[in-house]
Amino acid sequence: MFSIGVVAKPELSCTISREMNNTGMEGCSSGGSAVSKRAVQYKPKGKDWKVTLRENCMRNLREQRQKSFNTARGISVTHCFKNRLIDNIIAEELRALHCDEGFPPFEIDREIEDFEDLKKELLQQELEDMLAFEEQRIADDVNSYLKEEVVCPSCQKSALLYSDQTTVTCPSCSFTFHFLHAVPPPQKLTEYFLSLFSQHDNVSCTQTPHLEAADNQVKLACSACGFCSTY
24 MFSIGVVAKP ELSCTISREM NNTGMEGCSS GGSAVSKRAV QYKPKGKDWK
74 VTLRENCMRN LREQRQKSFN TARGISVTHC FKNRLIDNII AEELRALHCD
124 EGFPPFEIDR EIEDFEDLKK ELLQQELEDM LAFEEQRIAD DVNSYLKEEV
174 VCPSCQKSAL LYSDQTTVTC PSCSFTFHFL HAVPPPQKLT EYFLSLFSQH
224 DNVSCTQTPH LEAADNQVKL ACSACGFCST Y
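Quick note, the sequence shown lines up with residues 24 to 254 if you use this note's numbering.
Here you go:
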């Protein structure tokens, strides 16, 4: 289990209060329809308001994280940005509580330690979810790498099909290669094709050579650098 040390800071009350003021807290008493609907869920019905606040902050954080994954998958988010995001989420949920006229008033400064605990819990949950997401991504990459298939060296669009014990063909192009003996295992076949292209890489050409097969031989040619070799 990973842990994140978050030291309780009095400045958080200023941060949260500032976020609440910047988003128009003072106008909540007039009662907008959107705010009123949002505030209904916070009306005390036998559940502690802090529990409700925690649950809604967790939900809000997951929604924000999902949006980030959808728009910038694989891009890391700075720790400063995460703190800012969580401060905004807590401020938003507190604003919804404050705007519910039927909810007992409370003093933010007096409850600041509880908010710091909530912030630490949200950061911990965010870290665990991010680690789980990264582990799944790595697992998917490994599974894809170890998958028993060989990409066509000619068009590089489809996996080669084993027509028989000595022949491989591509369903997307006309590439067909006949081996003198049995077709090697996928890993060996991949290494074989990579070794062919590495010969062209040695001439420092950035273009992709064309590969074709005929009579148990593979011809690799590049129109850009003039490279041509038969294997």
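Ideal placement from N, C-alpha and C gives every residue a C-beta, glycine not left out.
Am I right that Cys248 and Cys228 are in contact with their C-beta atoms under 8 Å? What's the rounded C-beta distance? 4 Å
Check: Going by C-alpha distance, which of Thr213, Asp110 and His233 is nearest Asp171?
Finding: Note that residue 171 is Glu in the sequence shown here, rather than Asp. Comparing Cα-Cα distances from Glu171 to each of Thr213, Asp110 and His233, the minimum goes to Thr213.
Q: Return yes when the Cβ of Leu203 is within less than 8 Å of the Cβ of Thr192, no when it is not.
A: no
Which of helix, strand or coil does DSSP assign to Ser252? Ser252 falls in the strand class under three-state DSSP.
So, with DSSP's three-state summary, where would you put Glu174? Before going on, a small fix: residue 174 reads as Val here, not Glu. DSSP places Val174 in strand when its eight states are reduced to three.
Legend entry - Nearest-angstrom Cα separation, counted from Thr199 out to Pro19: Because the chain in this structure spans residues 24 to 254, residue 19 falls outside the shown range and cannot be described.
Between which two residues does the beta strand (DSSP E) harbouring Phe216 extend?
From DSSP, Phe216 is part of no beta strand (DSSP E) but of the alpha helix (DSSP H) over Pro209 to Asp224.
Compare the C-alpha of His223 against each of Pro232, Phe216 and Tyr215 and name the closest. Pro232
*Less than 8 Å between the CB atoms is what I'm expecting for Cys175 and Ser197, so what's the real figure, rounded?*
Not confirmed; about 10 Å, so no contact.
Original post:
If you draw a straight line from the alpha carbon of Glu149 to that of Leu84, how long is it in whole angstroms?
Top reply: 8 Å
Worksheet entry | Cut-off 7 Å between Cβ atoms - residues of its own chain near Ala236, not counting five sequence neighbours on either side | Phe198, Thr199 and Phe200
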